[in-house]
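**Q**
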Amino acid sequence: MQGNPTLLNEIYTELYITESESAEINNEHEVRQIETQSRRAATEDTAIKCNNIFRPLPGQDKPIRTVLTKGVAGIGKTVSVQKFILDWAEGKENQDVQLIFPLPFREINLMKDKTLNLSDLLNIFFPDTQEIKISCDEYKVLFIFDGLDECHLSLDFKSKVKLCKISESASVDVLLMNLIVGNLLPSALIWITSRPAAADLIPSECVHRVTEVRGFNEPQKEEYFRKSICDQSLANRIISHLKSSRSLYIMCHIPVFCWISATVLEKMLSQAESGEIPKTLTQMYTHFLILQTSIKHEKYYEKKVKDEDMILKLGKLAFQQLVKGNLIFYDKDLRECGIDVTEASVYSGLCTQIFREELGLYQGKVFCFVHLSLQEHLAALYVHLCFTIHSINVFDGTKQRLLKFFNPKKCNPLSDLHQRAVDEALQSKNGHLDIFLRFFLGLSVESNQTLLQKLLTQTRTYFYIKAETVEYITQKIRENRSPEKSINLFHCLNELGDDSLMQEIQRYLKSGEIRKTKLSSSQWSALVYVLLTSEQKMDVFDLKHFIGAQTKANEVLQYLLPVVKESRSVRIFVSFSQGTQPFQNTSKSTTPDDKALSAAITEYVGGHLTSTLEDSERLEDDLAFVNHDDHLGI
1021 MQGNPTLLNE
1031 IYTELYITES
1041 ESAEINNEHE
1051 VRQIETQSRR
1061 AATEDTAIKC
1071 NNIFRPLPGQ
1081 DKPIRTVLTK
1091 GVAGIGKTVS
1101 VQKFILDWAE
1111 GKENQDVQLI
1121 FPLPFREINL
1131 MKDKTLNLSD
1141 LLNIFFPDTQ
1151 EIKISCDEYK
1161 VLFIFDGLDE
1171 CHLSLDFKSK
1181 VKLCKISESA
1191 SVDVLLMNLI
1201 VGNLLPSALI
1211 WITSRPAAAD
1221 LIPSECVHRV
1231 TEVRGFNEPQ
1241 KEEYFRKSIC
1251 DQSLANRIIS
1261 HLKSSRSLYI
1271 MCHIPVFCWI
1281 SATVLEKMLS
1291 QAESGEIPKT
1301 LTQMYTHFLI
1311 LQTSIKHEKY
1321 YEKKVKDEDM
1331 ILKLGKLAFQ
1341 QLVKGNLIFY
1351 DKDLRECGID
1361 VTEASVYSGL
1371 CTQIFREELG
1381 LYQGKVFCFV
1391 HLSLQEHLAA
1401 LYVHLCFTIH
1411 SINVFDGTKQ
1421 RLLKFFNPKK
1431 CNPLSDLHQR
1441 AVDEALQSKN
1451 GHLDIFLRFF
1461 LGLSVESNQT
1471 LLQKLLTQTR
1481 TYFYIKAETV
1491 EYITQKIREN
1501 RSPEKSINLF
1511 HCLNELGDDS
1521 LMQEIQRYLK
1531 SGEIRKTKLS
1541 SSQWSALVYV
1551 LLTSEQKMDV
1561 FDLKHFIGAQ
1571 TKANEVLQYL
1581 LPVVKESRSV
1591 RIFVSFSQGT
1601 QPFQNTSKST
1611 TPDDKALSAA
1621 ITEYVGGHLT
1631 STLEDSERLE
1641 DDLAFVNHDD
1651 HLGI
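Residue 1021 is where the sequence shown starts when you use the working numbering, and the numbers rise one by one after that.
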């Protein structure tokens, strides 16, 4: 309905999928998870092809009934499901399966108040199955539940309601629970996809395999741009530009971001475009929004919709739902933002690459932004415009107040709003406002203000001292005990164009003075950021390069814990010959006490790793080698 469709087989690029150890919840922002994964080498990961997710690996004897596939938004989970179904339908793969029932949670949500049996539920979604009596004996069946993170049902796996016959009626959530547990159709295959934050909604005992979609690895990134851009010289220039900005190139693990970057850079680098080539997330996404609205102007109903009205309404929807943690919206959500269904349909027709209306199998309408990052960018733009155009501070919640007229010499209200946004993001337990904050601060930069003038007729000059925001962020970095929590704040400084702390650390690293210098807490955080965003792979991290006369090993290890976690292996310097213990070891002996040393290391590695110490007599006096792929061995 919204343009010319492209055949999946023409555009599909193989994704990097691995077997994961567990479905444990990950509360970090998804972009942070991508940044973490980008540091890790793939040499020892178990890669699995999409079509093989129900096939045991060599050495695995137990059959696999239920698979949980996790991955961040836009990483390729749904496309993997579509490719699996397409290859099955074309007779290429998994021909032992007779029936596949794809049931996206976003559509099942529309049925949550109904009482049905399993046959009725399937007949509603798939009317052609009314003549088929589904049973374990006759058919091998696969149920695909895509988007567990979008589920609005109360899946209570502790419920004692047990259904064993497909003719037994119950609420839809009880039906699904019994199907996943295996009370209903115990031989049926179950495939569930989810973003990491919702992965633990399914009890681990119900899941036989956990896989993770990692998106594109390093070679696949370049392959994508060479495939999607015909001019190979231009493709090379785009790849080179993205590699020059580490924060952008890391984001290219996400296929949707590759598409956004290709769309923007192909136009900017192939034409005599004026203005700076995007080097930050905010620049990239603002250029993308401008490009999409310029396409809108070529459509016949351009005069009916003003850019400002559309952006503010969609931005309000984006912000309100982002705060709630929602990526899928229904009629009620739209009405709360002053958007009726007809208007939403027009918006999705105008901005097909930003906002999408989907008609499900159940014929219910759901709406979403094409990707979470687009929602975050529009949310940030909404908060920015509410202040700069309408003088409204949205962080006052439902009681939005107009800011009073101010004296520029006495106050800096935009900086105050930035500080409030920083505080809101830092208070978030799962970091769901982190990327929003990057965008929000980046929009105040002069180059992005110039871009916004191309987008909006209503603009207003305002008083703003960037240095106040930079100083506030630096103060928060200084106060943060955990350098890991400060990483996003350094990305914010990058968006604001301030890299003074990073440059200072890089000078220490290049000169070799890092061991001689007494670093402040903010400098340690800057060191973590520099190490994590460097192009060099952290296969072996040697702690002794950072231990000097003024710092002890346990302090260094504590500061550099985020780097330790993301390294394949770590060398830890331990000096026993002089009777000193770099860790907080209670043993007075010059020979390390296994349990005390193990406990100390485990404490500093954050309890994420299991430590085992064997043959302590074999330890060299001055150097211990720690490998934490599976266990700590010293």
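Here a beta-carbon is modelled for each residue, glycine too, at the ideal position from N, C-alpha and C. Values in this document were obtained by computation on a predicted structure and should not be read as measured data.
With a CB to CB cut of under 6 Å and the five nearest residues on each side skipped, what residues in its chain are close to residue 1354?
**A** The residues are 1364.
**Q** Look up residue 1311 in the DSSP assignment and say whether it is helix, strand or coil.
**A** Correct three-state label for residue 1311: helix.
**Q** Within the same chain, show all residues whose beta-carbon is closer than 6 Å to that of residue 1290, passing over the 5 residues directly before and after it, in chain order.
**A** These residues qualify, in order along the chain: 1254.
**Q** Is the stretch 1232 to 1250 close to the stretch 1168 to 1181, with three or more CB pairs under 8 Å?
**A** No, they do not touch.
**Q** Between the stretch 1507 to 1520 and the stretch 1532 to 1550, can you find at least three pairs of beta-carbon atoms closer than 8 Å?
**A** Yes, they touch.
**Q** As a quick exercise: from 1035, 1135, 1228 and 1073, pick the residue whose alpha carbon is nearest that of residue 1086.
**A** Among 1035, 1135, 1228 and 1073, the Cα nearest to that of residue 1086 belongs to 1228.
**Q** Since residue 1485 is in the beta strand (DSSP E), which residue starts that stretch and which ends it?
**A** Careful: residue 1485 lies outside any beta strand (DSSP E) and carries neither H nor E.
**Q** Which same chain residues end up closer than 8 Å to residue 1140 when comparing Cβ atoms and leaving out the 5 residues on each side of it in sequence?
**A** Cβ neighbours of residue 1140 beyond the five flanking positions: 1189.
**Q** Mind checking who residue 1211 pairs with in its DSSP beta bridge?
**A** Paired residues: 1087 and 1164.
**Q** With a 10 Å radius around its C-beta and 16 neighbouring C-beta atoms as the bar for buried, classify residue 1358 as buried or exposed.
**A** With fewer than 16 Cβ atoms within 10 Å of its Cβ, residue 1358 is classed as exposed.
**Q** Which runs of the alpha helix (DSSP H) fall wholly inside the stretch 1068 to 1147 and span at least 4 residues, in chain order?
**A** You should have 1097 to 1109, 1125 to 1128 and 1138 to 1145.
**Q** Following a CB-centred definition, is residue 1392 positioned closer than 7 Å to any heavy atom of the ligand NAD?
**A** The ligand NAD is not among the ligands present in this structure, which contains no ligands whatsoever.
**Q** Would you list the one or two residues that DSSP bridges to residue 1040?
**A** Per DSSP, 1230.
**Q** Just checking my contact of residue 1463 with residue 1302 at CB under 8 Å: how many whole Å lie between their CB atoms?
**A** Contact holds; Cβ gap of about 6 Å.
**Q** Could you name the residues of the same chain whose beta carbon sits closer than 6 Å to that of residue 1119, not counting the 5 residues immediately before and after it, in chain order?
**A** For residue 1119, where only same-chain residues beyond five positions count, the Cβ hits under 6 Å are 1159 and 1161.
**Q** Which value, in whole angstroms, describes the spacing of the CA atoms of residue 1037 and residue 1103?
**A** Each residue's alpha carbon lies about 13 Å from the other.
**Q** Tell me the rounded alpha-carbon separation between residue 1039 and residue 1100.
**A** Cα to Cα, the separation comes out at about 15 Å.
**Q** Compare the beta carbon distance of residue 1171 and residue 1125 with 8 Å and say whether it is the shorter of the two.
**A** Yes.
**Q** Please classify residue 1029 as buried or exposed, where buried requires at least 16 neighbouring CB atoms within 10 angstroms.
**A** Its Cβ having fewer than 16 others within 10 Å, residue 1029 is exposed.
**Q** Under three-state DSSP, which class holds residue 1412?
**A** Reduced to three states, the DSSP call for residue 1412 is strand.
**Q** For residue 1512, does the count of other Cβ atoms within 10 angstroms reach 16, so buried, or fall short, so exposed?
**A** Residue 1512 comes out buried.
**Q** Taking only three categories from DSSP, how would you classify residue 1540?
**A** Coil, per DSSP.
**Q** What are the partner residues of residue 1377, as DSSP defines its beta bridges?
**A** 1387, per the DSSP bridge assignment.
**Q** Expressed to the nearest angstrom, what Euclidean distance is found between the alpha-carbon atoms of residue 1186 and residue 1473?
**A** Taking the straight line joining both Cα atoms gives about 60 Å.
**Q** Can you list, in chain order, the residues of its chain whose CB lies under 6 Å from that of residue 1515, leaving out five sequence neighbours each side?
**A** These residues qualify, in order along the chain: 1300, 1302, 1458, 1461 and 1462.
**Q** Output yes or no for whether 8 Å exceeds the beta carbon distance between residue 1174 and residue 1148.
**A** Cβ atoms of residue 1174 and residue 1148: not closer than 8 Å.
**Q** Thinking just about the alpha-carbon of each residue, which of 1452, 1413, 1333 and 1447 is nearest to the one in residue 1437?
**A** Per the Cα distances, 1413.
**Q** Looking at C-alpha atoms only, which residue of 1347, 1333 and 1339 is the closest neighbour of residue 1360?
**A** For the residues 1347, 1333 and 1339, the minimum Cα distance to residue 1360 belongs to 1333.
**Q** Rounded to whole angstroms, what is the Cα-Cα separation between residue 1285 and residue 1034?
**A** The straight-line gap from Cα to Cα measures roughly 23 Å.
**Q** Quick check on residue 1215: buried or exposed, where buried means 16 or more other Cβ atoms within 10 Å of its Cβ?
**A** It is buried - the Cβ of residue 1215 has at least 16 other Cβ atoms within 10 Å.
**Q** Can you tell me whether residue 1456 is helix, strand or coil according to DSSP?
**A** Here residue 1456 sits in helix by DSSP.
**Q** Would you please state the rounded distance, in angstroms, between the beta carbons of residue 1453 and residue 1444? I believe it to be under 8 Å.
**A** Correct: roughly 6 Å between the Cβ atoms.
**Q** Apart from the five residues just before and just after residue 1492, which ones in its own chain have a Cβ nearer than 8 Å to its Cβ?
**A** Hits under 8 Å: 1435, 1438, 1439 and 1442.
**Q** For residue 1123, which residues in the same chain have their Cβ closer than 6 Å to its Cβ, ignoring the five residues on either side in sequence?
**A** 1165, listed in sequence order.
**Q** Going by the DSSP bridge assignment, what does residue 1190 pair with across the sheet?
**A** For residue 1190, which the question treats as bridged, DSSP gives the partners 1136.
**Q** Could you work out which residue in 1116, 1265, 1239 and 1129 is closest to residue 1208 when comparing CA atoms only?
**A** Ranking 1116, 1265, 1239 and 1129 by Cα distance to residue 1208 puts 1116 first.
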